[in-house]
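> Heads up: the sequence shown is residues 102 to 342, going by this note's numbering.
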Amino acid sequence: MPPLDPELLLRAYAAGVFPMADSHDAPSVYWVEPKERAILPLDDFHLSRSLKKTLLSERFKTTANQAFSEIVALCAESADNRPDTWINHQIAHVVDVLHRAGHAHSIETWRDGELVGGLYGISLGNAFFGESMVSRATDASKVALAHLLARLRCGGFMLLDCQFMTDHLQSMGAVEVSRESYMALLAVAVGGASGSSAGLSAGADFRAFERIPAPEGSADSTTVLGPTSGWRIVQALTHTS
């Protein structure tokens, strides 16, 4: 098996496969192509009353791409309900390279200045491949996912790939599709974007969300350098519904 590198990883995503490792300390990776793929339909997402309430409570603040390495490390940590993870050194290294190239992104959830959850994934063309989510406080990962959804919808993304279905994702509206259906969606969303420079200037815009004007009288100046309020996430999700 060739060593994992950024260009190989992007080609793999464009072909509908992704890497995993047997454990955090595993020396190599293997390729996965599920028969059933979990996706979260961007056009049909419904913001639940409970999540809206959590967002508007402003208990959490979220940022984008401000603690990418920390989020990957947090996702790779063992937890009580997950003694080991599939993110090994190779995967952590290659996604860091992709982050610096503009293909890998993170959403961070903060409470009282402490990083309590988030997610990271890969963008390619008009598709976003969610890699892993983590929560160290109730609802922290849901808030991060809501921020991601708002950002993807504002940016013109067409596909949010969640890989495998979980109860958590299902509660957020994720559905399972067959491999054949997934490949058809992927072909439209990715097109020919499979090279090392693909998706950087064409198609969806991960940063479009940052250019939405703040509501009149709001102190929220949402930029990549500052925290995003729950109010702005709700505004973006409902505005683009």
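Backbone N, C-alpha and C define an ideal beta-carbon position, used for all residues, glycine too.
In the structure shown, what three-state DSSP assignment does residue 206 receive?
Start at 1 with the first residue of the sequence shown, and residue 206 comes out as number 105. Three-state result, residue 206: strand.
> Residue 137 and residue 331: beta carbons closer than 7 Å?
Here residue 137 refers to the residue found at position 36 when the sequence shown is read from its first residue. Here residue 331 refers to the residue found at position 230 when the sequence shown is read from its first residue. No, the pair does not count as a contact, with Cβ atoms beyond the cut-off.
> Note the first and the last residue of the continuous beta strand (DSSP E) segment covering residue 330.
As a working note, residue 330 is residue 229 in the sequence shown. Where residue 330 is concerned, there is no enclosing beta strand (DSSP E), given that its DSSP letter is neither H nor E.
> Which one or two residues does DSSP pair with residue 266 in a beta bridge?
As a working mapping, residue 266 is identified with position 165 in the sequence shown. For residue 266, which the question treats as bridged, DSSP gives no partner whatsoever.
> Could you tell me which of 309, 272, 191, 165 sits nearest to residue 123, measuring between CA atoms?
Working through the sequence shown from its first residue, we reach residue 123 at position 22. Ranking the options by Cα distance to residue 123, first place goes to 191.
> Hey, residue 254 and residue 156: beta-carbon distance below 7 Å or not?
Walking along the sequence shown from the start, residue 254 turns up at place 153. Walking along the sequence shown from the start, residue 156 turns up at place 55. Taking 7 Å as the Cβ cut-off, residue 254 and residue 156 do not qualify as a contacting pair.
> Whole angstroms are fine: how far does the CA of residue 199 sit from the CA of residue 297?
Here residue 297 corresponds to residue number 196 of the sequence shown, with the count starting at 1. Here residue 199 corresponds to residue number 98 of the sequence shown, with the count starting at 1. At residue 297, the pLDDT of 43 sits below 50, so the modelled position is not reliable and the matter cannot be decided from this model.
> Tell me whether the beta-carbon of residue 262 lies closer than 7 Å to the beta-carbon of residue 140.
For the purposes of this step, residue 262 is taken as residue 161 along the sequence shown, with counting starting at 1. For the purposes of this step, residue 140 is taken as residue 39 along the sequence shown, with counting starting at 1. Closer than 7 Å, so yes.
> Taking DSSP's pairing of strands, which residues face residue 222 in a bridge?
Taking the first residue of the sequence shown as 1, we reach residue 222 at position 121. Beta-bridge pairing links residue 222 to 206, 231.
> Out of 243, 106, 260, point me to the one whose CA is closest to residue 209's CA.
Numbered from its first residue, the sequence shown carries residue 209 at position 108. The residue with the shortest Cα to Cα distance from residue 209 is 243.
> Would you mind sorting residue 119 into buried or exposed? The rule is 16 or more other CB atoms within 10 Å of its CB.
Working through the sequence shown from its first residue, we reach residue 119 at position 18. Classification of residue 119: buried, given that the 10 Å Cβ count is 16 or more.
> Does the contact criterion of 3 or more C-beta pairs under 8 Å hold for the region 245–252 versus the region 106–121?
Contact between the region 245–252 and the region 106–121 is absent, because fewer than three Cβ pairs lie under 8 Å.
> Do you know offhand how far residue 301's Cα is from residue 224's?
As a first step, residue 301 must be located in the sequence shown, where it is residue number 200. As a first step, residue 224 must be located in the sequence shown, where it is residue number 123. Bear in mind that a pLDDT of 38 at residue 301, under 50, signals an unreliable position, so the model cannot answer this.
> Residues in the same chain with beta-carbon distance under 7 Å from residue 125, minus the five sequence neighbours each way, listed in chain order, please.
Counted from its first residue, the sequence shown places residue 125 at position 24. Cβ within range, chain order: 177, 185, 186, 188, 189.
> Have a look at residue 236 and residue 284 and give me their C-alpha separation to the nearest angstrom.
Taking the first residue of the sequence shown as position 1, residue 236 is located at position 135. Taking the first residue of the sequence shown as position 1, residue 284 is located at position 183. Distance between the alpha carbons of residue 236 and residue 284 is about 30 Å.
> For residue 160, which three-state DSSP category applies?
As a first step, residue 160 is located in the sequence shown; it is residue number 59 there, counting from the start. Note: residue 160 maps to coil in three-state DSSP.
> Within a Cβ cutoff of 8 Å, which residues of the same chain sit near residue 274, ignoring the five residues on either side of it in sequence?
Position 173 of the sequence shown holds residue 274. Excluding residues within five positions, the ones whose Cβ falls inside 8 Å are 141, 142, 145, 146, 147.
> For residue 333, count neighbouring C-beta atoms within 10 Å of its own C-beta (all shown protein chains included) and say buried if the count is 16 or more, exposed if not.
Stepping through the sequence shown from its first residue, residue 333 is reached at position 232. Counting Cβ neighbours within 10 Å, residue 333 comes out buried, since at least 16 surround it.
> Among 252, 161, 267, which residue has its Cα nearest to the Cα of residue 311?
In the sequence shown, residue 311 corresponds to position 210, counting from 1. Closest by alpha carbon: 252.
> Let me make sure I understand the geometry here. Which of 338, 166, 197 has the alpha-carbon closest to that of residue 105?
The sequence position of residue 105 within the sequence shown is 4, counting from 1. Closest option to residue 105, Cα to Cα, is 197.
> Would you kindly work out how many angstroms separate the C-alpha atoms of residue 207 and residue 172, rounded to a whole number?
Taking the sequence shown and counting its residues from 1, the one referred to as residue 207 is at position 106. Taking the sequence shown and counting its residues from 1, the one referred to as residue 172 is at position 71. Computed Cα separation, rounded: 7 Å.
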